[in-house]
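In UniProt numbering, the protein residues as written are 1 to 273.
Even for Gly, the Cβ is constructed at its ideal location relative to N, Cα and C.
Remember, predicted model here, so these are calculated numbers, not experimental data.
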Amino acid sequence: MIELKTPTEVQRMHVTGRFVADVLTEVGRLADVGVNLMDLEHHVRGMIRQRGAESCYWDYSPSFGKGPFRNVICLSVNDAVLHGLPHDYVLQDGDVLTADIAVSVDGWSADSARTVIVGTPAQEDQRLVRATEEALEAAISASRAGNKLGDISAAIWEVARSYGYPVNTEFGGHGIGRTMHEEPHVPNRGKAGRGIELRPGMTLALEPWFARTTDQIAFDPDGWTIRSADGSRTAHSEHTVAITEDEALVLTRREEPVVAEGTSTRGKSTEDS
Numbered sequence: 001m002i003e004l005k006t007p008t009e010v011q012r013m014h015v016t017g018r019f020v021a022d023v024l025t026e027v028g029r030l031a032d033v034g035v036n037l038m039d040l041e042h043h044v045r046g047m048i049r050q051r052g053a054e055s056c057y058w059d060y061s062p063s064f065g066k067g068p069f070r071n072v073i074c075l076s077v078n079d080a081v082l083h084g085l086p087h088d089y090v091l092q093d094g095d096v097l098t099a100d101i102a103v104s105v106d107g108w109s110a111d112s113a114r115t116v117i118v119g120t121p122a123q124e125d126q127r128l129v130r131a132t133e134e135a136l137e138a139a140i141s142a143s144r145a146g147n148k149l150g151d152i153s154a155a156i157w158e159v160a161r162s163y164g165y166p167v168n169t170e171f172g173g174h175g176i177g178r179t180m181h182e183e184p185h186v187p188n189r190g191k192a193g194r195g196i197e198l199r200p201g202m203t204l205a206l207e208p209w210f211a212r213t214t215d216q217i218a219f220d221p222d223g224w225t226i227r228s229a230d231g232s233r234t235a236h237s238e239h240t241v242a243i244t245e246d247e248a249l250v251l252t253r254r255e256e257p258v259v260a261e262g263t264s265t266r267g268k269s270t271e272d273s
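This is the structure we're talking about:
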């Protein structure tokens, strides 16, 4: 069942979304050559604790995965794209890092992800990240009352096709609100004009993710980390949005700091440029 949120409930989700945005901004600032993934994990734990929020990931036990998830953020590197289990790994120059986090504040959830390139970026990696960001903006533009769910999926797919990237449909976006995962499933490939009608009060996590040369995935032995099946690099962008009478309200939009010319940006996504 899809729950339509009241304007007041959407505003409560927006409070959570702003915090999620702040966390991802901080992760992007800290991601640098020589930084250990576990240092990022523990830093985010401290932010969540200080805010009085609750991690939606801690103790998460879906049908996949090996035991409950015992981290508060997913950190996926290079060919890993989803549910990356933070572990003892030191970021290297040119690594592609995806950070994905969902938290709840006062009973309302928000979910967002970003991909940054650590150190010296390769052009093909920048292109891949840019494709997911453009697909996400296209999905947001399609998220209007009266449109169909398939319009969102088709918008993502069209951007992927324009870049020449294949699209996996096993994992995609989802409803969100009182819990991290609610109905409906939002595939990253579909046909316009198909599916349920979008109505004001629907809240969705939209998350296009692409691998450079495959639409197939493989799981790590940890049972969580999902990688491209052929080892090609990956990227993932996600925002939580609310359908309104007008354009969609993005609840997790980040306000990136302005960086003076000549200074380091550390981990960069194309949004930062």
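In the assembly as shown, SER162 is an exposed residue. Its beta-carbon has fewer than 16 other beta-carbons within 10 Å.
Across the structure, ASP125 and VAL116 are spaced so that their CA atoms are roughly 10 Å apart. LEU91 is positioned such that its CB atom lies no closer than 7 Å to that of VAL129. The alpha-carbon of GLU255 is positioned some 10 Å away from that of LEU24. In the DSSP assignment, SER153 falls within the alpha helix (DSSP H) that extends over 149-163. If you draw a 10 Å sphere on the C-beta of GLY107, you find fewer than 16 other C-beta atoms in it, and that means exposed. THR234: member of the beta strand (DSSP E) spanning 234-236, first to last residue. Ranked by Cα distance from PHE171, the options ALA218, PRO121, ASP22, PRO200 are led by ALA218. Contact between ILE243 and ALA145 holds: their C-beta atoms lie close to 6 Å from each other, under 8 Å. For PHE219, the enclosing beta strand (DSSP E) starts and ends at 217-219. Distances from the alpha-carbon of VAL20 to those of LEU37, ASP93, VAL105, PHE64 put VAL105 closest. Shown here for ASP215: same chain residues with a beta carbon closer than 7 Å to its own, the five before and five after excluded, namely PRO166, VAL167, ASN168 in chain order.
Relative to ALA80, the option among ARG212, ASP246, THR203, ARG18 whose CA is nearest is ARG212.
Under the criterion of beta carbons closer than 8 Å, VAL77 and GLU41 do not qualify as touching, at roughly 13 Å.
Assignment of GLY175 by DSSP, reduced to helix, strand and coil, places it in the strand class. Burial check for THR8: the Cβ neighbour count within 10 Å stays below 16, so the residue is exposed. By the neighbour-count criterion, in which 16 or more other beta carbons inside 10 Å mark a residue as buried, ARG114 falls on the buried side.
Shortest Cα-Cα distance from ALA160 to any of ALA192, GLY173, MET13, TRP209 involves TRP209. Only residues of its own chain outside the window of five on either side were considered, and among them ALA155, VAL159 have a CB closer than 6 Å to the CB of ALA138, listed in chain order. Under the three-state reduction of DSSP, ARG194 is assigned to coil, being neither helix nor strand.
Burial state of GLY84 is buried, judged by a 10 Å Cβ sphere holding 16 or more other Cβ atoms. Burial state of ASP230 is exposed, judged by a 10 Å Cβ sphere holding fewer than 16 other Cβ atoms. Beyond the five residues adjoining it in sequence on each side, THR16 comes within less than 7 Å, by CB distance, of VAL103, SER104, VAL105, TRP108, SER109, ALA110 in the same chain, given in chain order.
Residue HIS236 holds the alpha-carbon nearest to the alpha-carbon of VAL96 among HIS236, LEU198, THR240, VAL250. For ASP111, the enclosing beta strand (DSSP E) has its first and last residue at 108-117. For ILE226, the enclosing beta strand (DSSP E) starts and ends at 226-228. With respect to the 7 Å criterion, ARG189 and SER153 are classified as neighbours on the basis of their beta carbons. Rounded to the nearest angstrom, the gap between the Cα atoms of THR225 and VAL33 is 22 Å. In chain order, PRO68 place their CB closer than 6 Å to the CB of ASP59, counting only its own chain and leaving out the 5 sequence neighbours on each side.
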